[in-house]
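Chemist:
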Amino acid sequence: MAAEIVAKNLTNVLKSVQELAAIYSVDVRLVAVSKTFPVDSIIACYEKGQRHFGENYIDELELKAKEFASRGIHGINWHFIGRLQSNKLKKICEIPGLWCIETLDNKKHADLLQAILGSDKKPLKVFIQVNTSGEKNKGGVEPEGLDELVDHVEEKCSNLSLIGLMTIGSISESKNQETNSDFELLVKLRDGLSARLKRTFELSMGMSSDYKLAIKYGSTNVRVGSEIFGQRSYPTKS
85 MAAEIVAKNL TNVLKSVQEL AAIYSVDVRL VAVSKTFPVD SIIACYEKGQ
135 RHFGENYIDE LELKAKEFAS RGIHGINWHF IGRLQSNKLK KICEIPGLWC
185 IETLDNKKHA DLLQAILGSD KKPLKVFIQV NTSGEKNKGG VEPEGLDELV
235 DHVEEKCSNL SLIGLMTIGS ISESKNQETN SDFELLVKLR DGLSARLKRT
285 FELSMGMSSD YKLAIKYGST NVRVGSEIFG QRSYPTKS
């Protein structure tokens with residue numbers, strides 16, 4: 085997609101986000117999900133002031149981060165939003181401009197991140213991903229296991245800063261423009277967590293098809309890709 089179209093799409097999405105944020109009195113961060121899209125498309129958004137970008141694949145993110153560094157472009161905040169793999173956590177932590185990991189969902193990865201990061205660096209922001217839909221193909225801790233994982237991160241992982249909860253809802257729920265049970269559950273879990281730990285936590289929920297409804301539910305972090313960059317095309321598997 086041409087850079088000018090990407091920039092126009094971003095402007096339209098930002099306008100929508102800002103209008104809804106004002107209506108529902110919530111501060112909302114837009115994460116432009118740039119996975120599979122070229123650096124030039126990201127730059128088109130960067131030049132419009134967008135700074136938060138989401139990537140799912142560590143090898144792709146590494147290449148893009150290096151490309152930006154080589155071009156002297158700084159200030160991008162990368163969100164890793166893909167499934168975590170133990171053997172690639174170190175590589176993720178070495179990404180220049182890594183702002184957060186949104187998909188932490190087990191103690192093993194929390195402990196590995198704790199060991200990799202070391203105490204000499206600023207704690208890495210993380211969201212805990214919750215499987216609100218119950219779909220077996222989705223990542224995320226089960227709702228009933230959330231408190232145990234939260235307590236582990238809080239007590240054992242000083243190099244991680246837990247800032248919120250994240251979910252990827254079901255496709256069927258994302259098509260509903262009035263209610264969303266995945267969002268309702270994440271809000272309930274967040275509210276319980278905030279009450280128990282006596283501090284505010286963010287909500288990362290809502291993508292291109294349902295970010296408007298997510299903001300109505302109080303999302304503070306929406307992850308929008310195709311509405312900005314266009315439809316993705318993936319390589320055909322042989």
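Numbering follows the numbering used here, in which position 67 of the sequence shown is assigned residue number 151; successive positions increment by one, without gaps. Even glycine gets a Cβ: it sits at the ideal position worked out from N, Cα and C. The model shown is predicted, which means the values in this text are computed figures rather than measured ones.
Determine the extent of the beta strand (DSSP E) in which His-236 is found, giving its start and end residues.
Modeler: Counting along the chain, His-236 falls outside any beta strand (DSSP E), though it belongs to the alpha helix (DSSP H) covering 230-240.
Chemist: Buried or exposed, going by whether 16 or more other CB atoms sit within 10 Å of the CB of Tyr-301?
Modeler: Buried, because 16 or more other Cβ atoms sit within 10 Å of the Cβ of Tyr-301.
Chemist: Between the C-alpha atoms of Ile-252 and Arg-155, what's the straight-line distance to the nearest angstrom?
Modeler: Straight-line Cα distance between these residues: approximately 33 Å.
Chemist: Chain D beta carbons: is any one of them nearer than 8 Å to that of Lys-174?
Modeler: In summary, chain D is missing from the structure at hand, where a single protein chain is found.
Chemist: Measuring CB to CB, does Leu-273 end up less than 8 Å from Val-214?
Modeler: Yes; because the gap between Cβ atoms is below 8 Å, this pair is in contact.
Chemist: Using the three-state DSSP reduction, which class does Glu-226 fall into: helix, strand or coil?
Modeler: Of the three classes helix, strand and coil, the one that applies to Glu-226 here is coil, per DSSP.
Chemist: Residues bridged to Ser-245 by DSSP?
Modeler: The partner list for Ser-245 (beta bridge, DSSP) reads Lys-209.
Chemist: Would you decide whether His-158 is buried or exposed? Buried here means 16 or more other CB atoms lie within 10 Å of its CB.
Modeler: His-158 comes out exposed.
Chemist: Hey, Val-117 and Gly-138 are a contact pair by Cβ (cut 8 Å); roughly how many whole angstroms apart?
Modeler: Right, the Cβ-Cβ distance comes to about 4 Å (below 8 Å), so this counts as a contact.
Chemist: DSSP state of Asn-96, grouped into three classes?
Modeler: Of the three classes helix, strand and coil, the one that applies to Asn-96 here is helix, per DSSP.
Chemist: For a test of the three-state rule: what should DSSP assign to Glu-146, helix, strand or coil?
Modeler: Looking at Glu-146 - three-state DSSP - the assignment turns out to be helix.
Chemist: Check whether the Cβ atoms of Lys-175 and Tyr-141 lie closer than 8 Å to each other.
Modeler: Contact flag unset, no.
Chemist: Locate the beta strand (DSSP E) running through Ala-86, then write down its first and last residues.
Modeler: Premise fails: Ala-86 is in no beta strand (DSSP E) and is neither H nor E.
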